[in-house]
Every structure is written in C-alpha cells, then in structure tokens.
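Protein chains: 2
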Amino acid sequence: MDRAGAIASFDALAAHAVEEDANCQWRIARRPVGNVEPEDFEWRVTDIPEPGEGEVLLKTLYLGLAPVMRFYMQGTARTGDAGLEIGDVIHGRGVAQVVKSRHPGWREGEIVQGQMGWQTWKVSAMTAQEKFFRMPKNGLPAALGAGVLGMTGLSAHAGFFACGDPKPEDRMVLSGAAGGVGSMVAQMAAKVVGCDVVGMAGGPEKCDFIRSLGCSEAIDYRSEDIPGRLDALRPDGIDLYFDNVGGETLEAVLERLRMHARVVLCGSISEYTRDEPFALPNYTRLRATDSVMRGFFVYNHLDRWDAVMEEMAGWITDGRLKPVQDIEQGFAAMPRALARLYHGGNVGVQCCSVRGEPEEWL
Amino acid sequence: MDRAGAIASFDALAAHAVEEDANCQWRIARRPVGNVEPEDFEWRVTDIPEPGEGEVLLKTLYLGLAPVMRFYMQGTARTGDAGLEIGDVIHGRGVAQVVKSRHPGWREGEIVQGQMGWQTWKVSAMTAQEKFFRMPKNGLPAALGAGVLGMTGLSAHAGFFACGDPKPEDRMVLSGAAGGVGSMVAQMAAKVVGCDVVGMAGGPEKCDFIRSLGCSEAIDYRSEDIPGRLDALRPDGIDLYFDNVGGETLEAVLERLRMHARVVLCGSISEYTRDEPFALPNYTRLRATDSVMRGFFVYNHLDRWDAVMEEMAGWITDGRLKPVQDIEQGFAAMPRALARLYHGGNVGVQCCSVRGEPEEWL
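For the protein sequence lines, the chains are A and B, in the order given. If you read the first sequence in the working numbering, its first letter stands for residue 918, the second for the next number, and so on. If you read the second sequence in the working numbering, its first letter stands for residue 918, the second for the next number, and so on.
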C-alpha cells in the first residue's frame, strides 16, 4: 500500500495524518540545494513490518532533529552512517519501544534509543551500526532520549569536556548558545564548571533565554557587531571557544585568542547553506597563540555513553542542567522542524513527538 | 663613528668588511614589502660598547637566520619579542663569547647563546627577555647553538614531540623537509620515532637530500602535483602532518587526513610574501576526522630547554640526528642569507659565521 503524497508547503506536509495501522515514513524525494524545501521530502505509507528471527519491532515515540540531516539528504554527510540515495528513508535517531521481540537481547516493553530513521515503525536486528542503547530507568521523561540524553547530549558533553578541556577560570565564548548542543554547553560551562560564558544567539528573546541558562552576557548576532561586542566583552581575549556556527564568527574569535586557547569545532551552521565553503583566513593565529583547534566526531565517544548519560542525568536531577527540548507535535511536522533549524527557529534541542501523545516517563 | 653604507645589491652588501675594533650592525632601513630587498637593510658601524655594572660584553660568533625575521623587520611579528622600528638593529639569536663581565652570573670566556641582534658585539645585562643560555661542554661545534642546538632545534623538538605526539605507526607527511626545522624533524621522525615520512622539498637535489635524512619518499613541490602525489604515496591517508609551508599544501593534506590525525602548524613560508593571507577552505575536515590542528609558539617551551638540548645532543652523538647547518661566511652576508630562505636556497639550518673563522668547539 505504497502511496506517494502530494507536496505543497511545509504546513501542508505537516497536515499528513499518522495512520496507526501503517508505517508512515519521510523519504528523500530530491537532493536539497541550500536549505531544505518541501519538494525534497516524500511522504510514504507502507505496511508495518514483521520482525523475523533475531529481530525486534520498534514503535517510534520521539525523533531528534539535527543540522547534519541536510547532509544525509544530500548524500554528502561525512559521518559513520551510510550515505543515502533518493528514495531512502531519512536517517534520524529517536526513542522507541520494543513492541515485539524475537531477539534474545531485547525484551518487549523496553524503551530504547537509536537509529530509527524518519518512520513510525521499524524492524531491526539491533546491529552495532544502529547504535541502540537502553534508556535507563531514571525517572526522567523518555523524550530526553531524542536529544538531551541522546546523541545531542553526548555531542555537548564530549565536545565540551573531552575536547574543550574547560577550566573554571576560562574566559569562554559559545556560539549557537540557544541551540541543541549550545543550550547544554552553556549550562555545563556556567553551572557545572563555573566558567564565565559569553553566549551568542539570534534575537532578544533567545539572548534572554541564554542568560537564563547561565551566560553572563549575550551577543545578538542578528543585530549586533560581533567583533565589536567581543572586544567589549572579552577585552583580555578568549581562552575557550565552543563553535557551533563557523564562518566569520570563528574568524572573529580566532583574532582574539589568548595564549594556550582551545577552539572546539562542533558545527558550522552558518556555512551549511553557502554555495562555496567558507575559507578561514586567519588560521595561523593558532600558531601565534600556541592554541589548538579540535574537531570532534561524536561517534568516537560512544564507548563512554553510559557514564556520560548517567552524569548528565545527575545534573538534571540536581538542577544544574535544565533539559530544554523544543518538541514538535506529530510525525508529519518533521520536514518543517528540520527547516526551522537552519533559520534558528528552535530553542534548545529540536525533536518531535511522533504521535503528539502525553509525555512518557521512564 | 656612525657611517651609513651605500646599498646596491645583496652581493654588494656582502662585500662590507667587518672591522674588528668596531661594532658592525645591520639595521632596518625600510619595511620590507613581500620578500626582503637590499634597500631594506642599513649597514652601520659604531663603537664597541663598554659594559656597565651588572653587564657583560659579548662578541658574536655565529648568528642564526629564520623566516620569522622578515616579520621582525616589518614590525608585524606576533612573538614574544618587542616590535622593531625603522633604524633598529634587526633581531636575531646567536652564539657569543663573554669577553668582559661585570655581571656576577656570567664569567669571561663562557660561550653563550641568546638574543644578540644582527651585530658583531653587544653589551647585555643578560635579562630574562634576551633568553641567554650557557652552551654545554658537550664536545660539539659551538656553531650548533645558532640553529640545531638553538631555537631552531627547540622548535623542531617541541613542535614534533610535544605538539605532534608522534607514534611509530604514524603515516607522516612533512613539508619544508630540507629546511632548518624540517631537516631536524625528518630525522627525529624517521630515526628516533620510526615513522614512515613522506617529505616535501624543492628540486631534485633537495629531494635526494631529504631521502638521505630518512624520508621514505620525497615530493618535489616545484615540479610535481602535490595532491596527486599525496594520493599515490598516502593512499590510506595521513595521521600526522608537520607543516612548515601552509597554503595550498596544508589544504591538500587536510583533504587526506585519517581519523584522529594531528596537524602541527610550525610555519607557513609559502604565505609570507603573499599580499593577502591564505584562507583555508577546508578547516572543517578537522571535524569530520576527529582531528587536531595545533599551533605552537616556541617560547612557551623554554622551560624545557636544558633537557631538550641534552636529548638532541645525545642523538647527534649516537648518529641518529645529523646536524645540517648551511653556514654563510661573514657577517656582511646576513641580508643575502635571509633573502635565500624565502627562495628555498638553504639546506638545513641557515646560519652565519660572523668572522668566517674556523669552527669553535665546545
């Protein structure tokens, strides 16, 4: 019962109804050029699959959204995931419940998180490549597994602690501070480590928001002159920069590094929709300041998953880390939720409640 | 008895005679634009200064030359040294003998190395800023203090070991392999650590030379296609890149990094005479490969001076590190020796024997 849906606009896409007795999917209709367009997505309804021997049937509860997904759709993602072709279900991690199990390692009823893809059901052999983890029974909302206590959280934790090597005395700058990773790094920096954090975000509301997360100052990148504001707020320079945006903001920060500074390259969302890659004209500032610029690839930190999740759950419980998830209601809204990311529409971790149900608690 | 010399060409400059009863100096006549020109240098002859209380009189024996010196002359060096003005004696480290001492810490006859400037005599209070070190009595030529066992050697050692974190299994690439720092890194990599080193140098003679230092393969950057040769010689990618040249070579290497690679930014001589800084279009490869790009500032490694020099002297003695110094004869040839650096004229560490005397041994 394959049916291709008509596509008009993101709102029209979001009007699709999830059918409970079918598997609804979002597939790649066309390679995105620049930002994603409604025509890039194809709505497909198929049968709910049956698990074979050694497999489980998973019911998707929540899906996370991340800027990297445009690269999945373009087939250019340089990640550990396999490249996607036109017609493939879009990659995406989420939280799911094991509904049927013919796999000895997984029991019916368990809540897991892993590579679900943009679909409401999945049959899986739970291979290592899908990176499924059991959600711990920590009394927290299951939706957190689609972001704050999922791959977004691991990115924030590994990027900040393992790559940034933060110290309480660091004069820190954080771009994309209101976004998924950024909103977590802001809190871990200000409230767990005790750094002084200058955050950047787009618009006065988001600037208020990041101050509420612990940033001592906020720079509104949409209306303010970033180099001038950095001069004013960081007159002695910058020890630690956590970069979610790349481009001219990275250039401005490199110009203001202190000796022995650390730059963590987490994302470069300001560059994702450029035709030409941004070329960094002052990378040699690393030499003049004895500094390090470190890229990181979150999949290389998977071996610490359980310890990182337990630590972050502890900070959520003791109040130092407020989980901020921006939850779209309904699986049909996934394309719109993805497009919002590139326009800075989200506050915190963008995710989606597949059926718009009340929250599930662990 | 100040006398300004006439300036015609580098060879004419080199015809100046060092007067033994006077202090001969090279000063900045003009800020260099692009490469240095003969007109940028002023020959000055003054009286030999007299040391006051707490000072010593130093007689210059050897001076080192390094690409950074053009920046000193331009007043744009971003280093720990004070900026120079037109008319100032050019900065430069060298080996000298204490001829008179009114300083309790230094005895007459001692051989030292430190900030001498481009001059044949100097009175000094031996301040911390001049970074003078005693030359150890290790039976090696004193001239090595102007390079291999001087700041060039510290740069090579600190950049390679402390910043590059080399491992025997590293698939390494080294640019500027025939130069001062490069010729030392090539040997330490191949003969001390045991890495497989692909070196780059300009011209067939230099390529033969770097193979003699231990490089398993050599790329002639003047006649060969660097990306194509890297593909052929490093089909599995690059673990460690020690960069002396910057520019498109750095870009080509970043495109071929393996996971967890390390890039050490030591120099960017290919960029020094550009009008516009080179902009690095693929710095985000660091993110895709979980890699680190580390700049280093040699003055931050001065606290390890004695240990590093002792270790390198040991490698010289046991034959693993062949000291390669390209020695100009005569102080008057300093400007020509500097100009040669930017044209790749030197092999090994460029330095100058002030009076063209026979070698002094420690």
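C-beta: ideal position from N, C-alpha, C; glycine also. Since the model is a prediction, treat every value here as computed from it, not as a measurement.
Would you say residue i faces chain B, with C-beta separation under 9 Å as the test?
i, result
"residue 1205(A)", "yes"
"residue 948(A)", "no"
"residue 1163(A)", "yes"
"residue 982(A)", "no"
"residue 1091(A)", "no"
"residue 1259(A)", "no"
"residue 919(A)", "With a pLDDT of 32 at residue 919(A), under the threshold of 50, the predicted position of this residue should be treated as unreliable, and no value is reported."
"residue 1273(A)", "no"
With a 10 Å radius around its C-beta and 16 neighbouring C-beta atoms as the bar for buried, classify residue i as buried or exposed.
i, result
"residue 1212(B)", "buried"
"residue 1003(A)", "exposed"
"residue 1096(A)", "buried"
"residue 1046(A)", "exposed"
"residue 936(B)", "exposed"
"residue 1191(B)", "exposed"
"residue 1058(A)", "buried"
"residue 1163(B)", "buried"
"residue 1092(A)", "buried"
"residue 1054(A)", "exposed"
"residue 1085(B)", "exposed"
"residue 1149(B)", "exposed"
"residue 1224(A)", "exposed"
"residue 1038(B)", "buried"
Are the C-beta of residue i and some C-beta of chain A separated by less than 9 Å?
i, result
"residue 1175(B)", "no"
"residue 922(B)", "Because residue 922(B) carries a pLDDT of 37, less than 50, the predicted location of this residue cannot be relied on, and no value is offered for it."
"residue 1188(B)", "yes"
With DSSP as the reference, label residue i as helix, strand or coil.
i, result
"residue 1080(A)", "helix"
"residue 960(A)", "strand"
"residue 1020(A)", "coil"
"residue 1270(A)", "strand"
"residue 1217(A)", "helix"
"residue 904(B)", "Since the first residue shown for chain B is 918 and the last is 1279, residue 904(B) is missing from the structure and cannot be characterised."
"residue 1117(A)", "strand"
"residue 927(B)", "helix"
"residue 965(B)", "coil"
"residue 1058(A)", "strand"
"residue 1158(B)", "strand"
"residue 1223(B)", "helix"
"residue 919(B)", "Interpretation of residue 919(B) is limited by its pLDDT of 32, a score under 50 that renders its predicted location unreliable; the figure taken from the coordinates is listed afterwards. Looking at residue 919(B) - three-state DSSP - the assignment turns out to be coil, as it is neither helix nor strand."
"residue 1098(B)", "helix"
"residue 1035(A)", "coil"
"residue 1052(B)", "coil"
Which chain A residues sit within Cβ distance under 8 Å of residue i?
i, result
"residue 992(B)", "What residue 992(B) touches in chain A: nothing, since even the nearest Cβ is about 15 Å away."
"residue 1213(B)", "1204, 1207"
"residue 1194(B)", "1198, 1199, 1201"
"residue 1217(B)", "1176, 1177, 1207"
For residue i, go through chain A and note every residue whose CB falls closer than 7 Å to its CB, in chain order.
i, result
"residue 1200(B)", "1197, 1200"
"residue 1210(B)", "1203, 1210"
Going by DSSP, what residue range makes up the alpha helix (DSSP H) through residue i?
i, result
"residue 991(A)", "986-991"
"residue 1072(B)", "1068-1074"
"residue 1200(A)", "No alpha helix (DSSP H) holds residue 1200(A); DSSP gives it neither H nor E."
"residue 983(A)", "Counting along the chain, residue 983(A) falls outside any alpha helix (DSSP H), and DSSP gives it neither H nor E."
"residue 1087(B)", "Unbroken run through residue 1087(B): none, as it is neither H nor E."
Compare the C-beta of residue i with all C-beta atoms of chain D and state if any pair is closer than 9 Å.
i, result
"residue 987(A)", "The structure shown contains no chain D; the protein chains it does contain are A and B."
For a contact meaning CB atoms closer than 7 Å, what does residue i contact in chain B?
i, result
"residue 1185(A)", "1201"
Please report the residue range of the beta strand (DSSP E) in which residue i lies.
i, result
"residue 941(B)", "940-945"
"residue 1179(B)", "1174-1182"
"residue 1253(B)", "Per DSSP, residue 1253(B) belongs to no beta strand (DSSP E); it is in the alpha helix (DSSP H), 1251-1259."
What does residue i touch in chain A if you count any residue whose Cβ is under 9 Å from its own?
i, result
"residue 885(B)", "Any question about residue 885(B) goes unanswered here, given that chain B covers just 918 to 1279."
I want to check one thing, is the minimum distance from the CB of residue i to the heavy atoms of the ligand COA below 8 Å?
i, result
"residue 1214(B)", "No copy of the ligand COA occurs in the structure displayed, which carries no ligand at all."
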